[in-house]
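Enquirer: Quick mapping for you: the protein sequence lines, in order, are chains A and B. Take the first sequence: its letters are residues 1 to 355, numbered as in full-length UniProt numbering. Take the second sequence: its letters are residues 1 to 355, numbered as in full-length UniProt numbering. From the three backbone atoms N, C-alpha and C, an ideal C-beta is built for every residue, glycine too.
Number of protein chains: 2
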Amino acid sequence: MTDPLPTGATIGILGGGQLGRMLSVAAARLGFRTHIFEPGANPPAADVAHACTTAAYDDVAALTAFAQSVDVITYEFENIPTEALDILEAITPIHPNREALRISQDRLTEKNFLTGLGLQTAPYADIPDAAALTAALDTIGTPSILKTRRFGYDGKGQARLTSPEDAAQAIADMAGAPALLEGFVDFSIEVSVIATRSASGDVACYDPGENVHRAGILHTTTVPARLSASLRTDAVLLAARILNALDYVGVMGVELFVTPSGLIVNEIAPRVHNSGHWTQNGCAVDQFEQHIRAVAGWPLGDGQRHSDVVMENLIGDDMDRVPELAATRDTALHLYGKAEVKPGRKMGHVNRIIR
Amino acid sequence: MTDPLPTGATIGILGGGQLGRMLSVAAARLGFRTHIFEPGANPPAADVAHACTTAAYDDVAALTAFAQSVDVITYEFENIPTEALDILEAITPIHPNREALRISQDRLTEKNFLTGLGLQTAPYADIPDAAALTAALDTIGTPSILKTRRFGYDGKGQARLTSPEDAAQAIADMAGAPALLEGFVDFSIEVSVIATRSASGDVACYDPGENVHRAGILHTTTVPARLSASLRTDAVLLAARILNALDYVGVMGVELFVTPSGLIVNEIAPRVHNSGHWTQNGCAVDQFEQHIRAVAGWPLGDGQRHSDVVMENLIGDDMDRVPELAATRDTALHLYGKAEVKPGRKMGHVNRIIR
Chain A
1 MTDPLPTGAT IGILGGGQLG RMLSVAAARL GFRTHIFEPG ANPPAADVAH
51 ACTTAAYDDV AALTAFAQSV DVITYEFENI PTEALDILEA ITPIHPNREA
101 LRISQDRLTE KNFLTGLGLQ TAPYADIPDA AALTAALDTI GTPSILKTRR
151 FGYDGKGQAR LTSPEDAAQA IADMAGAPAL LEGFVDFSIE VSVIATRSAS
201 GDVACYDPGE NVHRAGILHT TTVPARLSAS LRTDAVLLAA RILNALDYVG
251 VMGVELFVTP SGLIVNEIAP RVHNSGHWTQ NGCAVDQFEQ HIRAVAGWPL
301 GDGQRHSDVV MENLIGDDMD RVPELAATRD TALHLYGKAE VKPGRKMGHV
351 NRIIR
Chain B
1 MTDPLPTGAT IGILGGGQLG RMLSVAAARL GFRTHIFEPG ANPPAADVAH
51 ACTTAAYDDV AALTAFAQSV DVITYEFENI PTEALDILEA ITPIHPNREA
101 LRISQDRLTE KNFLTGLGLQ TAPYADIPDA AALTAALDTI GTPSILKTRR
151 FGYDGKGQAR LTSPEDAAQA IADMAGAPAL LEGFVDFSIE VSVIATRSAS
201 GDVACYDPGE NVHRAGILHT TTVPARLSAS LRTDAVLLAA RILNALDYVG
251 VMGVELFVTP SGLIVNEIAP RVHNSGHWTQ NGCAVDQFEQ HIRAVAGWPL
301 GDGQRHSDVV MENLIGDDMD RVPELAATRD TALHLYGKAE VKPGRKMGHV
351 NRIIR
């Protein structure tokens, strides 16, 4: 991309969930239109988009028409089939780029990429089969966790091993999918850096947030995180190294473990990230607008934190708390308009401003 | 209205301009869908709405279908034909209520209402004809301003009189429309209060903003306004008196002149207001969400100001400054996605955060 997209241009978004919805609102704020591509019916993002295509990722005609109707393509999730990307990219540029997708779609590739940059990760081993797991348990030991290389999120596609006897069940849980074994990391806290790189190569990071998970799903993110000034600098430099290495354009979420031996990269996500939702009420320009600015070739906006924030996800029945939360001071609600409440389903989030 | 609207409900919005657009985004943030009713093609609000009806205000079938498809109706402008309101209100509740619309649709009725509440306004006189103008000039004098009673905004439908000799031309400018004469007010500054009243009668006001106009159109709003603590209190109490008198539900913009003899009400607008756009970057809950909360029967949100802000409108060719503004620190852009730039047309606004 050379010239910035003019206001009035259309941004295509693959995926119509809550991230696509909030990206769409941010795009509108800069005068852009959005077109959502989503296989599922009635996606949350369609309520705030100029257009929505409901089609599968193997529908060549729909992918072609979508790509032809937009000026740039971005996405809200990383597990987009490669064949679909081939069709789209032949017509319209995609940001973040294919290399970022290729790496983040495969946990093993991602770990190899990160260690290749000189960054620390959890100990890991490729587990193509049961024999490889037996061998890997000798070096990595337990507790450890077996994960499918692809298509995992929010704790799905994972099996914990508390002793070597769990190996057979863990392999069975993978249902034949290629996997990797990760050793547990003894960390004090998990933080994440929401980093953005513009088309001209500028990198801006929001203040790191401190994450707490429940049942494998993000529960809260608190800013500022309890990080020393030097670790805060390390976190930001490390994120910038990743984005620069990928010639990345857009927002990336970088999850980090804080350990006595420094920061360990847990995982990267080539998209706006749940742990960056606090920016909506903590900064003049939030992560969604930063992402849109980057993919549109605009300069990055001002992501300086004006307020301390605790973001809490509203999962499933947490929606019952909405009337109470709506009446609470210093509280900003963000609901996703999902019709059906399901256990474990992300229904919204709330940003509490700490004064 | 008794029960709060549940998330997932649909809010109908009359008018598809930038105010409808920003209301629609705020509604989505609370999980509501919106349906826009707008006679003009490609309204800015349609890009961020679940549905849009393009039809005239005398299209009974379209009005009926629209009202039947939504759970509550609100509006972004006050000049909605009474006949349309009759059709809509027979099917679905409208907030703010008809009385607020009736009063604000007619400058004379509005002035009588305000003075009836014991509030100060500019001196004024009903001008049904040329003879009435001659008589009124004897008491009100010049400089003064002749305004149509209805359908004026942003300086339209107004004629200034610098001497009694201007009377004939001013009457001609009204083109037979009923008018009123307003005396000039010697004021130091103009401020506005963005006040909200919930369905349960709670009133919340944002900090008053200080307005500067250019060529009859709002140019900047600065918060905090240069107001003494006692005038600040007066402004808020006065706004609350207006809202309570009308049993009002929603956001109202109240423009006030600051004079040596206290606050004089310039005009009221029964809707979200351009001088309240700063709240998007100065508060956890902005005027658009407050309005949606009120009309949905929800409790009001936290409108405390966390940052000082200068809001500047981007009018016509100001759009040429967007690339520079996008690269400026402490600056949040809000563009309306209007296809065509015209002189005097509101294209967007920018909120500068003052640190």
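Distance, Cα to Cα, methionine 1 of chain A vs isoleucine 91 of chain A?
Expert: For methionine 1 of chain A, the predicted model reports a pLDDT of 48, less than 50, meaning its position is unreliable; a value from the coordinates is still stated below. For methionine 1 of chain A and isoleucine 91 of chain A, the distance between alpha carbons rounds to 13 Å.
Enquirer: Measure the C-alpha to C-alpha separation of glutamate 99 of chain B and serine 228 of chain B and round it to an integer number of angstroms.
Expert: Distance between the alpha carbons of glutamate 99 of chain B and serine 228 of chain B is about 33 Å.
Enquirer: Got a sec: is the Cβ-Cβ distance from arginine 345 of chain A to anything in chain B below 8 Å?
Expert: no
Enquirer: Using DSSP with H/G/I as helix, E/B as strand and the rest coil, what is histidine 291 of chain A?
Expert: helix
Enquirer: Using a C-beta cutoff of 8 Å, does proline 299 of chain B count as contacting chain A?
Expert: yes
Enquirer: Under the three-state reduction of DSSP, which class applies to phenylalanine 32 of chain A: helix, strand or coil?
Expert: coil
Enquirer: Quick test of your reading: serine 307 of chain B and asparagine 211 of chain B, contact by CB under 8 Å. State the CB separation rounded to the nearest angstrom.
Expert: That belief does not hold up - the Cβ atoms of serine 307 of chain B and asparagine 211 of chain B are roughly 18 Å apart, past 8 Å.
Enquirer: So what does leucine 146 of chain A bridge to, in DSSP terms?
Expert: A:Ala159 and A:Leu181
Enquirer: Where does arginine 197 of chain A fall in DSSP's three states?
Expert: strand
Enquirer: Going by DSSP, what residue range makes up the beta strand (DSSP E) through arginine 214 of chain A?
Expert: 209 to 214
Enquirer: For isoleucine 354 of chain B, count neighbouring Cβ atoms within 10 angstroms of its own Cβ and tell me buried if that reaches 16, exposed if not.
Expert: exposed
Enquirer: Apply the 10 Å Cβ neighbour rule to residue 357 of chain B and answer buried if 16 or more other Cβ atoms are within range, or exposed otherwise.
Expert: Since the first residue of chain B shown is 1 and the last is 355, residue 357 of chain B is not available in this structure.
Enquirer: Please list, in chain order, all residues of the same chain as alanine 240 of chain B whose beta carbon is under 6 Å from its beta carbon, the five residues on each side excluded.
Expert: Val203
Enquirer: Is the Cβ of histidine 277 of chain A closer than 8 Å to any Cβ of chain B?
Expert: no
Enquirer: May I ask you to list the residues that DSSP assigns as paired with glutamate 267 of chain A?
Expert: A:Glu255
Enquirer: Taking 6 Å as the limit between beta carbons, can you name the residues of its chain near leucine 14 of chain B, skipping five residues before and five after?
Expert: Phe37, Tyr75 and Ile80
Enquirer: Select from A:Ile292, A:Leu333, A:Asn313 and A:Gly337 the residue whose C-alpha is nearest the C-alpha of leucine 23 of chain A.
Expert: Closest by alpha carbon: A:Ile292.
Enquirer: Mind checking lysine 156 of chain A: buried by the 16 CB within 10 Å criterion, or exposed?
Expert: exposed
Enquirer: Measuring straight from C-alpha to C-alpha, what distance separates leucine 243 of chain B and glutamate 89 of chain A?
Expert: 55 Å
Enquirer: For arginine 150 of chain A and arginine 107 of chain A, I'd like the C-alpha separation in whole angstroms.
Expert: 7 Å
Enquirer: Going by Cα to Cα distance, which pick from A:Gly316, A:Asp138 and A:Phe257 is closest to glycine 348 of chain A?
Expert: A:Gly316
Enquirer: Note down, in chain order, each residue of its chain lying with its Cβ closer than 8 Å to the Cβ of proline 39 of chain B, except the 5 sequence neighbours on either side.
Expert: Thr54, Ala55, Ala56 and Tyr57
Enquirer: Looking at the strands, I want to know which residues DSSP matches up with arginine 305 of chain B.
Expert: B:Cys283
Enquirer: Closest to arginine 21 of chain B by C-alpha separation, out of B:Asp71, B:Phe77 and B:Leu325, would be which residue?
Expert: B:Phe77
Enquirer: Below 8 Å between beta carbons: does that hold for residue 408 of chain B and glycine 297 of chain B?
Expert: This structure gives no information on residue 408 of chain B, because the portion of chain B shown stretches from 1 to 355.
Enquirer: Based on the DSSP output, what are the partners of phenylalanine 37 of chain B in its beta bridges?
Expert: B:Leu14 and B:Thr53
Enquirer: Taking 8 Å as the CB-CB limit, is glycine 15 of chain B close to chain A?
Expert: no
Enquirer: Between the Cα of leucine 114 of chain A and the Cα atoms of A:Arg33, A:Val254 and A:Thr221, which residue gives the shortest distance?
Expert: Nearest C-alpha to leucine 114 of chain A: A:Val254.
Enquirer: Taking its Cβ as the centre, do 16 or more other Cβ atoms sit within 10 Å of lysine 342 of chain A, making it buried, or is it exposed?
Expert: With fewer than 16 other Cβ atoms within 10 Å, it is exposed.
Enquirer: List the whole-angstrom C-beta distance separating alanine 269 of chain A from serine 104 of chain A, where the pair is believed to meet the contact cut-off of C-beta under 8 Å.
Expert: About 6 Å; that satisfies the 8 Å criterion.
Enquirer: What residues in its chain sit with their C-beta under 6 Å from that of glutamate 312 of chain B, if we drop five residues either side in the sequence?
Expert: Thr220 and Val350
Enquirer: Just checking: is the beta-carbon of methionine 1 of chain B within a distance shorter than 8 Å of some beta-carbon in chain A?
Expert: Here the model assigns methionine 1 of chain B a pLDDT of 48, short of 50, so the residue's position is not dependable and the matter cannot be decided.
Enquirer: Could you give the distance in angstroms between the alpha-carbon of alanine 235 of chain A and the alpha-carbon of histidine 334 of chain A?
Expert: The alpha-carbon atoms of alanine 235 of chain A and histidine 334 of chain A are separated by roughly 28 Å.
Enquirer: Taking C-beta to C-beta, are threonine 10 of chain B and aspartate 47 of chain B nearer than 8 Å?
Expert: Taking 8 Å as the Cβ cut-off, threonine 10 of chain B and aspartate 47 of chain B do not qualify as a contacting pair.
Enquirer: How big is the Cα-Cα spacing for glutamine 290 of chain B and valine 251 of chain B?
Expert: 7 Å
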